[in-house]
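Since the structure comes first, as structure tokens, the remarks are kept for the end.
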Amino acid sequence: MSEMSVAIAQSLISMKSAATQQALQIEMVKQNADSDQALVAMLQQATEQQQATLPAGQGGNLDITA
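Structure below.
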């Protein structure tokens, strides 16, 4: 094999490795985003449940300009 063939083969292997690494990074970002969305949904549900147990008039928004 000539030096040029070896260099091309090494370049192709490096590109394939970089593509695989990028695909894994994208998948990890997607999983983190899904996890964050699930956490937000859980926190919203907990807030709604806490407000449901409060007496009437508590837990609502207050207009401080009035």
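Everything in the sequence shown is counted per the numbering used here, starting at 779 for the first residue and increasing by one.
Just so it is clear, CB atoms sit at the ideal spot from N, CA and C, and this is done for glycine as well.
Residue range of the unbroken alpha helix (DSSP H) whose run includes residue i
| i | result |
| --- | --- |
| residue 840 | Neither: residue 840 is in no alpha helix (DSSP H) and is coded neither H nor E. |
| residue 802 | 781 to 830 |
Cα-Cα separation between residue i and residue j, rounded to whole angstroms
| i | j | result |
| --- | --- | --- |
| residue 784 | residue 800 | 24 Å |
| residue 823 | residue 832 | 15 Å |
| residue 826 | residue 834 | 14 Å |
| residue 821 | residue 805 | 24 Å |
| residue 829 | residue 798 | 47 Å |
| residue 816 | residue 803 | 20 Å |
| residue 794 | residue 786 | 12 Å |
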